[in-house]
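Asker: Note that the numbering used here has the sequence shown beginning at 16, numbered continuously upward. C-beta atoms are modelled at their ideal positions from N, C-alpha and C, and glycine is treated no differently. Predicted model, so just to flag it, every value in this text is computed and none were measured. Next up is a structure, given as structure tokens.
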Amino acid sequence: MADEYNAEEAAELKKRRAFRKFSYRGIDLEKLLDLDSEQLRDIVHARARRRINRGLKRRPMGLIKKLRKAKQEAKPNEKPDLVKTHLRDMIVVPEMIGSVIGIYSGKEFNQVEIKPEMVGHYLAEFSISYKPVKHGRPGIGATHSSRFIPLK
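Structure, rendered in structure tokens:
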């Protein structure tokens, strides 16, 4: 009885969370998740297409295996465990959707949950490696007129 209630509750939660239909280049999310690498290659942009043609090497495949394992070990309706990586040049594929990845910025791992909108982008785009400049007041010696102001 409790299992039936939990299943109904999970279905209700799923219905409530449905906001809008996502499509990547005209293909909706359910079909996108079912694509194999050759079909995916045909719909992504040229740089990603070239990368897929040349084959995924050992490290990117290792990351995908870790993400699969984390998803399998996660309970239903829960986020999978964080998987840390230095692979900033990895292209987000549909299989990664829903995973939580710690992307190295050169200093720290920034936690990112992969969403459908991220497909085709590089992981580096979601973990900024520099601190954006915030322009404040100019310092001493920043302008020529500051030569005539005493330095106290």
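Count the other C-beta atoms from every protein chain shown that fall within 10 angstroms of the C-beta of residue 114, then say buried if there are 16 or more, exposed otherwise.
Answerer: For the purposes of this step, residue 114 is taken as the residue at position 99 of the sequence shown. It is buried - the Cβ of residue 114 has at least 16 other Cβ atoms within 10 Å.
Asker: Rounded to the nearest angstrom, what separates residue 106 and residue 116 at their Cα positions?
Answerer: Counting from one through the sequence shown, the residue named residue 106 turns up at place 91. Counting from one through the sequence shown, the residue named residue 116 turns up at place 101. Rounded to the nearest angstrom, the two C-alpha atoms are 13 Å apart.
Asker: State the beta-bridge partners of residue 100 as determined by DSSP.
Answerer: Within the sequence shown, the letter at position 85 stands for residue 100. According to DSSP, residue 100 bridges with 118.
Asker: Indicate the three-state DSSP secondary structure (helix, strand or coil) for residue 58 in the structure shown.
Answerer: Within the sequence shown, residue 58 is the residue found at index 43, counting from 1. The answer is helix: DSSP assigns residue 58 an H, G or I state.
Asker: Does the structure place the region 57-77 close enough to the region 91-108 that three or more beta carbon pairs sit under 8 Å?
Answerer: With the cut-off at 8 Å, the region 91-108 and the region 57-77 touch.
Asker: Grab me the residues of residue 95's own chain with a C-beta within less than 8 Å of its C-beta, minus the 5 sequence neighbours each way, in chain order.
Answerer: Within the sequence shown, the letter at position 80 stands for residue 95. 82, 85, 86, 88, 89, 113, 114, 115.
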